[in-house]
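Read through the structure below, which is laid out as structure tokens, and then see the notes.
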Amino acid sequence: MKEASPAKAYALHLGVIALLFALSFVLPEYHHGLLARIMVLAVFAMGYNMLFGYVGLLSLGHAMFFSAGLYGAGLAVIHLGWSVPAAFAAGLACGALLALVIGLLALRTSGVAFMIVTMMFAQVFYLIILYFAAWTGGDQGLVVPQSARVLVLGDTSLGLTNPTVRYMSALVLFSIVLLVALVIVRSRYGRVLVAIRENEERTKMLGYDTFSNKLAAVVVSGTICAASGAAYALLFGYVGSTFASVQYSILPLLWVLLGGAATTLGPLIGTLFMYYVVDITSGYTSAYLLIVGIALILLVLFFPRGILGTVRQRWLGWLP
Amino acid sequence: MAFGPHLLLAALEGLVTSAVLALTALGLSLVFGVMRVVNVAHGEFFMLGAVLAWAISAAISGHPALGFLAALVLAPLIVGLIALVSERLVLRRLNYNPEATIVATIGMLYIIQQLALTFYGPEARPVEPPFSYRILLPWFGYSGYKLSIIAASALLLVATWFVLTRTKIGLVMRATQYDSETAQAFGIPVDRVYAGVFALGAMLAAVAAVLIVPISQAHYLMGQDPLLLSFIVVIIGGLGSLRGTVVAAVLIGLSDGIISVFFSPTLAKIIATLLVAMVLVFRPQGLFGTASR
Numbered sequence: 001m002k003e004a005s006p007a008k009a010y011a012l013h014l015g016v017i018a019l020l021f022a023l024s025f026v027l028p029e030y031h032h033g034l035l036a037r038i039m040v041l042a043v044f045a046m047g048y049n050m051l052f053g054y055v056g057l058l059s060l061g062h063a064m065f066f067s068a069g070l071y072g073a074g075l076a077v078i079h080l081g082w083s084v085p086a087a088f089a090a091g092l093a094c095g096a097l098l099a100l101v102i103g104l105l106a107l108r109t110s111g112v113a114f115m116i117v118t119m120m121f122a123q124v125f126y127l128i129i130l131y132f133a134a135w136t137g138g139d140q141g142l143v144v145p146q147s148a149r150v151l152v153l154g155d156t157s158l159g160l161t162n163p164t165v166r167y168m169s170a171l172v173l174f175s176i177v178l179l180v181a182l183v184i185v186r187s188r189y190g191r192v193l194v195a196i197r198e199n200e201e202r203t204k205m206l207g208y209d210t211f212s213n214k215l216a217a218v219v220v221s222g223t224i225c226a227a228s229g230a231a232y233a234l235l236f237g238y239v240g241s242t243f244a245s246v247q248y249s250i251l252p253l254l255w256v257l258l259g260g261a262a263t264t265l266g267p268l269i270g271t272l273f274m275y276y277v278v279d280i281t282s283g284y285t286s287a288y289l290l291i292v293g294i295a296l297i298l299l300v301l302f303f304p305r306g307i308l309g310t311v312r313q314r315w316l317g318w319l320p
Numbered sequence: 001m002a003f004g005p006h007l008l009l010a011a012l013e014g015l016v017t018s019a020v021l022a023l024t025a026l027g028l029s030l031v032f033g034v035m036r037v038v039n040v041a042h043g044e045f046f047m048l049g050a051v052l053a054w055a056i057s058a059a060i061s062g063h064p065a066l067g068f069l070a071a072l073v074l075a076p077l078i079v080g081l082i083a084l085v086s087e088r089l090v091l092r093r094l095n096y097n098p099e100a101t102i103v104a105t106i107g108m109l110y111i112i113q114q115l116a117l118t119f120y121g122p123e124a125r126p127v128e129p130p131f132s133y134r135i136l137l138p139w140f141g142y143s144g145y146k147l148s149i150i151a152a153s154a155l156l157l158v159a160t161w162f163v164l165t166r167t168k169i170g171l172v173m174r175a176t177q178y179d180s181e182t183a184q185a186f187g188i189p190v191d192r193v194y195a196g197v198f199a200l201g202a203m204l205a206a207v208a209a210v211l212i213v214p215i216s217q218a219h220y221l222m223g224q225d226p227l228l229l230s231f232i233v234v235i236i237g238g239l240g241s242l243r244g245t246v247v248a249a250v251l252i253g254l255s256d257g258i259i260s261v262f263f264s265p266t267l268a269k270i271i272a273t274l275l276v277a278m279v280l281v282f283r284p285q286g287l288f289g290t291a292s293r
């Protein structure tokens with residue numbers, strides 16, 4: 001792999017953020033709202049990519065981290081009446097704690113067993129949400145009241161239901177996570193993660209504690225996914241058990257595979273692309289899961305590097 | 001009803017579940033044991049079996065037993081064929097890479113499920129049992145058909161065991177499972193063995209589904225629970241071990257039957273799934289399996 005000049009990489013990422021900022025003023029209303037949602041979900045995909053792309057750990061249970069953030073933030077607002085920043089922090093804390101516990105357990109396994117164990121823990125999490133329907137709303141879900149979704153900054157209060165505020169909040173979250181991901185990937189720690197992916201035994205032999213490095217990656221990944229979930233609850237005002245189902249563990253995998261695993265911008269591109277494909281086709285057919293299924297198979301068969309992975313391999317070797 | 005007969009009824013229901021579960025899980029276990037492929041679409045082959053059983057028995061008029069027998073033969077064959085095609089088209093091209101095949105079988109799961117929804121619809125439809133004889137016990141009457149499920153499943157399990165341990169085909173399969181490269185060197189067509197095993201695994205699930213459909217109805221989402229339970233059984237029983245699979249299926253089926261009579265089914269599922277995840281974390285070779293080589 002060619003060494004990236006840091007200026008080029010940072011310029012590209014800042015350019016993408018600037019483009020998203022500019023789009024806010026030109027997009028028609030419908031696509032404006034859609035893009036806000038896609039940015040929040042792209043954060044979910046970036047969190048997933050942290051673990052799948054860079055450490056090579058394929059989890060089938062990331063819906064639990066997303067929904068830990070979703071319910072952590074949503075229930076704090078609904079039942080405890082917390083303010084928006086406090087609820088967001090609660091969502092992050094729930095995700096980080098859950099990721100720590102799951103990481104400690106699931107990292108004892110590897111390969112296929114890791115996939116099944118994460119899927120089972122996520123299933124337990126999903127069933128727990130259904131079991132405590134009195135607080136979580138069960139499979140109906142809960143609506144976060146509009147009156148509570150107000151961000152108070154000093155003297156000004158911003159209603160998160162306002163489309164512009166919503167778009168900008170999503171963009172701020174997206175930008176922070178994107179830059180954090182870029183910094184992590186370019187750091188020594190990021191290189192250790194890639195080394196673990198390429199050859200764990202050798203990395204161990206070189207004196208790195210692979211378990212604690214992997215555990216840290218699970219926690220970072222889980223926290224990012226929880227941030228996405230918490231933002232989703234606060235910005236879009238709905239908390240529901242579908243977000244904890246297996247399907248929402250598969251979707252980030254699909255987005256990352258499509259955009260390109262182990263690329264910083266791949267998750268955004270994958271999410272954007274898939275979301276629009278589903279959005280356009282749902283006008284013709286309700287069977288959007290069929291498209292998800294076909295996309296998954298075609299990707300693993302013919303396109304395992306995804307869009308940006310292929311671009312990096314063919315043309316732009318410096319892409320982070 | 002007094003406690004004793006109540007428990008007996010729960011145990012009988014549990015045994016019926018175990019019988020179906022053992023067949024389904026055996027299919028999953030064979031595929032994993034020989035090919036090292038975790039087939040996430042296994043539950044959908046089960047569902048396809050049930051849906052096809054409905055279609056076939058609805059197409060054949062006359063005595064319900066006729067339609068049922070036709071379904072029992074035809075549905076597994078069709079499902080086996082579909083599995084064979086998907087193995088050739090997808091899994092073989094992936095070189096049976098464990099992680100890529102999981103992603104691909106997830107894709108198959110969605111495709112099969114959506115096609116079933118499109119062509120079969122969201123309704124749950126019943127299939128008439130081939131006979132409706134009730135066995136009268138001193139405390140309650142019990143469906144003779146349900147008892148025959150247990151018998152049929154036991155028969156099929158013994159047959160599979162016989163094929164695996166006493167015939168040339170079984171020897172070839174075991175050789176492939178033990179060391180596929182050496183098997184290939186000895187002239188075993190490993191590639192074709194894989195195709196056959198994948199089809200066989202799907203057919204076992206389909207047979208199980210045809211047996212259960214007269215008492216539980218065909219529905220396009222019915223593959224989810226058997227998939228999860230089969231995973232549980234295969235993990236508890238030790239991956240790729242036939243005896244372990246059967247013992248675990250009886251254990252899980254019985255406890256599922258008894259627990260769900262006395263507790264909330266959601267709570268029972270939470271506890272069962274959590275326990276199994278813990279088994280996988282702390283004893284990955286399963287409770288009955290031996291450590292992997």
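Going down the list, the protein sequences come from chains A and B. Everything in the first sequence is counted per the working numbering, starting at 1 for the first residue and increasing by one. Everything in the second sequence is counted per the working numbering, starting at 1 for the first residue and increasing by one. Glycine is no exception: its CB is placed at the ideal position from the N, C-alpha and C atoms.
To the nearest angstrom, how far is it from the Cα of residue i to the Cα of residue j?
| i | j | result |
| --- | --- | --- |
| Leu-69 of chain B | Ala-53 of chain B | 9 Å |
| Val-152 of chain A | Arg-37 of chain A | 22 Å |
| Arg-186 of chain A | Pro-320 of chain A | 8 Å |
| Val-246 of chain B | Leu-14 of chain A | 58 Å |
| Met-1 of chain A | Ile-224 of chain A | Unreliable positioning characterises Met-1 of chain A in this predicted model, as indicated by a pLDDT of 46, which lies under 50. The coordinate reading is nonetheless provided below. If you take the alpha carbons of Met-1 of chain A and Ile-224 of chain A, they lie about 27 Å apart. |
| Ile-150 of chain B | Val-16 of chain B | 6 Å |
| Phe-303 of chain A | Ser-169 of chain A | 34 Å |
| Ala-87 of chain A | Phe-132 of chain A | 20 Å |
| Arg-305 of chain A | Thr-101 of chain B | 16 Å |
| Gly-257 of chain B | Phe-45 of chain B | 24 Å |
| Leu-136 of chain B | Ala-25 of chain B | 31 Å |
| Val-183 of chain A | Ala-73 of chain A | 27 Å |
| Trp-255 of chain A | Met-46 of chain A | 9 Å |
| Val-77 of chain A | Thr-242 of chain A | 20 Å |
| Arg-149 of chain A | Leu-242 of chain B | 56 Å |
Considering only their Cβ atoms, is the gap separating residue j from residue i smaller than 9 Å?
| i | j | result |
| --- | --- | --- |
| Leu-9 of chain B | Tyr-142 of chain B | yes |
| Gly-237 of chain B | Ala-249 of chain B | yes |
| Ala-262 of chain A | Val-277 of chain A | no |
| Phe-131 of chain B | Ala-65 of chain B | yes |
| Leu-21 of chain B | Ala-116 of chain B | no |
| Thr-136 of chain A | Gly-237 of chain A | no |
| Val-143 of chain A | Leu-280 of chain B | no |
Can you tell me whether residue i is helix, strand or coil according to DSSP?
| i | result |
| --- | --- |
| Arg-360 of chain A | One cannot answer for residue 360 of chain A here, as it falls past the ends of chain A, which runs 1 to 320. |
| Thr-160 of chain B | helix |
| Ile-188 of chain B | coil |
| Val-144 of chain A | coil |
| Thr-156 of chain A | strand |
| Leu-107 of chain A | coil |
| Gly-293 of chain A | helix |
| Ala-291 of chain B | Here Ala-291 of chain B scores only 48 on pLDDT, less than 50, and its place in the model is too uncertain to base an answer on. |
| Ile-60 of chain B | coil |
| Ile-307 of chain A | helix |
| Gly-4 of chain B | helix |
| Ala-287 of chain A | coil |
| Phe-172 of chain A | First, the residue type needs correcting, since residue 172 of chain A is Val and not Phe in the sequence shown. Note: Val-172 of chain A maps to helix in three-state DSSP. |
| Tyr-96 of chain B | coil |
| Gly-238 of chain B | coil |
| Tyr-167 of chain A | helix |
Counting C-beta neighbours from all protein chains within 10 Å, is the total for residue i 16 or more, i.e. buried, or is it exposed?
| i | result |
| --- | --- |
| Gly-80 of chain B | buried |
| His-63 of chain B | exposed |
| Val-85 of chain B | exposed |
| Ile-129 of chain A | buried |
| Ser-29 of chain B | buried |
| Pro-114 of chain B | Residue identity differs from the one stated: residue 114 of chain B is Gln in this sequence, not Pro. With 16 or more other Cβ atoms within 10 Å, it is buried. |
| Lys-146 of chain B | buried |
| Pro-265 of chain B | exposed |
| Ala-7 of chain A | exposed |
| Phe-282 of chain B | exposed |
| Thr-176 of chain B | buried |
| Glu-87 of chain B | buried |
| Arg-293 of chain B | Per-residue confidence for Arg-293 of chain B stands at a pLDDT of 39, beneath the threshold of 50, marking its modelled position as unreliable; the derived number appears in the next sentence. Exposed, since its Cβ has fewer than 16 Cβ neighbours within 10 Å. |
| Gln-140 of chain A | exposed |
> What alpha helix (DSSP H) runs, 4 residues minimum, are completely inside the segment 237-285 of chain A?
Replying inline: With a minimum length of 4 residues, the unbroken runs of alpha helix (DSSP H) contained wholly in the segment 237-285 of chain A fall at 247-259, 266-281.
> Given a limit of 9 Å on CB to CB distance, which residues of the segment 108-121 of chain B reach chain E?
Replying inline: Among the protein chains of the structure shown, namely A and B, there is no chain E.
> Hey, which unbroken runs of the alpha helix (DSSP H) at 4 residues or more fall wholly within the segment 12-47 of chain B?
Replying inline: Considered as a whole, the segment 12-47 of chain B harbours no complete run of any alpha helix (DSSP H) with no fewer than 4 residues.
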